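*Asks:* Sharing a structure with you now.
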Amino acid sequence: MKIVDHLLTKESFVIVPTEIEGILKTSPVPQNIGKYYESDDYISHNQDEASFKQKIYKIAQYFNLNYKRNIIAAETFSGAKVLDYGCGAGEFIKYIQNDFETFGYEPDEDARNIARNKASKTKIISDINLLEDSSLDVITLWHVFEHVENQKEMMQLFHQKLNKDGVLIIAVPNHTSYDAKYYKEFWAAYDVPRHIFHFSKNGMLKLFNNEIWKLNKIKPLLLDSFYISILSEKYKKNPLFWLKGTFLGAISNFKAIKNNEYSSLVYIIEKK
Numbered sequence: 036m037k038i039v040d041h042l043l044t045k046e047s048f049v050i051v052p053t054e055i056e057g058i059l060k061t062s063p064v065p066q067n068i069g070k071y072y073e074s075d076d077y078i079s080h081n082q083d084e085a086s087f088k089q090k091i092y093k094i095a096q097y098f099n100l101n102y103k104r105n106i107i108a109a110e111t112f113s114g115a116k117v118l119d120y121g122c123g124a125g126e127f128i129k130y131i132q133n134d135f136e137t138f139g140y141e142p143d144e145d146a147r148n149i150a151r152n153k154a155s156k157t158k159i160i161s162d163i164n165l166l167e168d169s170s171l172d173v174i175t176l177w178h179v180f181e182h183v184e185n186q187k188e189m190m191q192l193f194h195q196k197l198n199k200d201g202v203l204i205i206a207v208p209n210h211t212s213y214d215a216k217y218y219k220e221f222w223a224a225y226d227v228p229r230h231i232f233h234f235s236k237n238g239m240l241k242l243f244n245n246e247i248w249k250l251n252k253i254k255p256l257l258l259d260s261f262y263i264s265i266l267s268e269k270y271k272k273n274p275l276f277w278l279k280g281t282f283l284g285a286i287s288n289f290k291a292i293k294n295n296e297y298s299s300l301v302y303i304i305e306k307k
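Converting from the sequence shown to the working numbering requires adding 35 to each position, the first position being numbered 1.
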């Protein structure tokens, strides 16, 4: 399938199968992929504004943050050592830093500085190897794993940094969800080329059921279908993108009740 970078450059990329059924990859992966993040449009896509729409977004973000915190709390104990890998500007670690001993890894210097100011109780690092082996109870990647090209190497590193009872929590978009099938090349969660890999539920089961990992639980991120559908409608230049996107997001969640094919899924993976 040919996908356009709707958000920024309007360049075309192709989604191709990998050796693991259900996992797709963006081709080609640009060598200078950093430039696809360096844009006022991309920054505004993530930053706060004082508009009514942004206020709604902030309310939804609060519920999402609380939902994610509860997922961690169900898997570990108060005061556990939690690394948020790809913490960005630190919104999530700021939210959980009073409940856990928190660490944040972020490769972008500007985002790291923002995170340090925002989450003052959290140790923000630029290199995961600064953390001792077997020192972490939980590692989270909230919509980060799809950006990582050297995934096999990172899976080994995560395994090395987690303790013997450690848990890896990964949230990624699901390209077999109803909204993905409906929007096809306009599905915002393809987000090429920033999203290098694209996962189905079955693909993740194949990837994380092996000699060192056991995929234990799968949970939905219910609000993602609304956000992704609204953005997809915007890419289709629908003037009523908020209305149509909200409607399609609700349909996607309703259909997923039977098959668990939600727009985004959270995978809770135990270290063996």
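Every residue gets a Cβ at the ideal spot worked out from N, C-alpha and C, and that includes glycine.
All of these numbers come straight from a predicted model, not from anything done at the bench.
Is it right to say Ser-260 is buried, meaning 16 or more other beta carbons lie within 10 angstroms of its own, or is it exposed?
*Replies:* On the sequence shown, residue 260 is found 225 positions in, with the first residue counted as 1. Ser-260 should be labelled buried.
*Asks:* Tell me whether Pro-308 is buried or exposed, calling it buried when 16 or more other Cβ atoms sit within 10 Å of its Cβ.
*Replies:* Because the chain is modelled from 36 through 307, residue 308 falls outside the range shown and cannot be assessed.
*Asks:* With a threshold of 8 Å on Cβ separation, who are the neighbours of Leu-256 within its own chain once the five nearest residues in sequence on each side are excluded?
*Replies:* For the purposes of this step, residue 256 is taken as residue 221 along the sequence shown, with counting starting at 1. Excluding residues within five positions, the ones whose Cβ falls inside 8 Å are Asn-99, Tyr-102, Ala-206, Tyr-297, Ser-298, Ser-299, Leu-300, Val-301.
*Asks:* Report back the beta-carbon spacing between Leu-171 and Asn-198 to the nearest angstrom; my notes put them in contact at under 8 Å.
*Replies:* Walking along the sequence shown from the start, residue 171 turns up at place 136. Walking along the sequence shown from the start, residue 198 turns up at place 163. Sure, about 7 Å apart at Cβ, within 8 Å.
*Asks:* Spatial neighbours of Glu-246 within its chain, please: CB distance less than 8 Å, with the 5 preceding and 5 following residues excluded, ordered by chain position.
*Replies:* Start at 1 with the first residue of the sequence shown, and residue 246 comes out as number 211. Hits under 8 Å: Lys-307.
*Asks:* When the Cα of Trp-222 is compared with those of Glu-268, Asp-145, Gln-195, Ile-303, which residue comes out closest?
*Replies:* The residue given as residue 222 occupies position 187 in the sequence shown. Considering only alpha carbons, the answer is Glu-268.
*Asks:* Whole angstroms are fine: how far does the CA of Met-190 sit from the CA of Ala-215?
*Replies:* The count along the sequence shown starts at 1 and reaches residue 215 at position 180. The count along the sequence shown starts at 1 and reaches residue 190 at position 155. So the alpha carbons of these two residues sit roughly 26 Å apart.
*Asks:* Can you tell me whether Leu-118 is buried or exposed? The criterion is at least 16 other CB atoms within 10 Å of its CB, across all chains shown.
*Replies:* Your numbering for residue 118 matches position 83 in the sequence shown. Counting Cβ neighbours within 10 Å, Leu-118 comes out buried, since at least 16 surround it.
*Asks:* Using a 10 Å radius around the Cβ and a threshold of 16 neighbouring Cβ atoms, would you call Asn-209 buried or exposed?
*Replies:* Residue mapping note: residue 209 aligns to position 174 of the sequence shown, counting from 1. When all chains shown are included, Asn-209 counts as buried.
*Asks:* Please give me, in chain order, every unbroken run of the beta strand (DSSP E) with length at least 3 that falls completely inside the region 226–277.
*Replies:* Listed in chain order, the complete beta strand (DSSP E) runs (minimum 3 residues) inside the region 226–277 are 232–234, 248–255.
*Asks:* Okay, do the region 144–154 and the region 170–187 touch, 3+ Cβ pairs below 8 Å being the bar?
*Replies:* Segments in contact, no.
*Asks:* Near Pro-65, what residues of its chain come up, given a Cβ to Cβ distance below 6 Å and the 5 sequence neighbours on each side ignored?
*Replies:* Position 30 of the sequence shown, counting from 1, holds the residue named residue 65. These residues qualify, in order along the chain: Pro-228.
*Asks:* Alpha carbons only, please: which of Ile-50, Phe-48, Lys-116 is nearest the one belonging to Asp-134?
*Replies:* Within the sequence shown, numbered from 1, the residue matching residue 134 stands at position 99. It is Lys-116.
*Asks:* If you drop the 5 nearest sequence neighbours on each side, which residues of the same chain put their C-beta closer than 7 Å to that of Ile-55?
*Replies:* Numbered from its first residue, the sequence shown carries residue 55 at position 20. Result list for Ile-55: Gly-238, Lys-241, Leu-242, in chain order.
*Asks:* Give me the Cβ distance between Ile-163 and Tyr-140, rounded to the nearest whole Å; I'm assuming they're in contact under 8 Å.
*Replies:* For this step, residue 163 is matched to residue 128 along the sequence shown. For this step, residue 140 is matched to residue 105 along the sequence shown. The Cβ separation is near 5 Å, so the contact holds.
*Asks:* For the beta strand (DSSP E) containing Phe-138, list its first residue and its last residue.
*Replies:* Mapped onto the sequence shown, residue 138 falls at position 103. Per DSSP, Phe-138 belongs to the beta strand (DSSP E) from 136–140.
*Asks:* Scan the region 143–207 and note each continuous beta strand (DSSP E) run of 3 residues or more that stays entirely inside, going in chain order.
*Replies:* DSSP runs (the beta strand (DSSP E)) wholly in the region 143–207: 158–160, 171–177.
*Asks:* Which residues in the same chain as Gln-132 place their Cβ atom closer than 6 Å to its Cβ, once the five residues preceding and following it in sequence are excluded?
*Replies:* Looking up residue 132 in the sequence shown gives position 97. Taken in chain order, the residues that qualify are Ala-154, Lys-156, Thr-157.
*Asks:* Going by alpha carbons, who is nearest to Ala-124 out of Asp-145, Glu-136, Thr-137, Gly-114?
*Replies:* By one-based count along the sequence shown, residue 124 stands at place 89. Residue Asp-145 is the option with its Cα nearest to Ala-124.
*Asks:* Within 10 angstroms of the Cβ of Ser-62, are there 16 or more other Cβ atoms? Answer buried if so, exposed if not.
*Replies:* Here residue 62 is taken as the residue at index 27 of the sequence shown, counted from 1. Exposed, since its Cβ has fewer than 16 Cβ neighbours within 10 Å.
*Asks:* Here's the rule I'm using: 16 or more other beta-carbon atoms within 10 Å means buried, otherwise exposed. How should Thr-175 be labelled?
*Replies:* Taking the first residue of the sequence shown as position 1, residue 175 is located at position 140. Classification of Thr-175: buried, given that the 10 Å Cβ count is 16 or more.
*Asks:* In its own chain, which residues sit with a C-beta less than 6 Å from the C-beta of Gly-284, not counting the 5 before and 5 after it?
*Replies:* In the sequence shown, residue 284 corresponds to position 249, counting from 1. Counting only Cβ-Cβ distances below 6 Å, and skipping sequence neighbours, we find Ser-260, Phe-261, Ser-264.
*Asks:* Would Asp-83 be called buried (16 or more neighbouring beta carbons within 10 Å of its own) or exposed?
*Replies:* Sequence index remark: in the sequence shown, residue 83 carries index 48 (1-based). Interpretation of Asp-83 is limited by its pLDDT of 47, a score under 50 that renders its predicted location unreliable; the figure taken from the coordinates is listed afterwards. Burial call: exposed.
*Asks:* Hey, does Ile-286 have any beta-carbon neighbour from chain D nearer than 8 Å?
*Replies:* Looking at the structure shown, chain D is missing, and only one protein chain is on hand.
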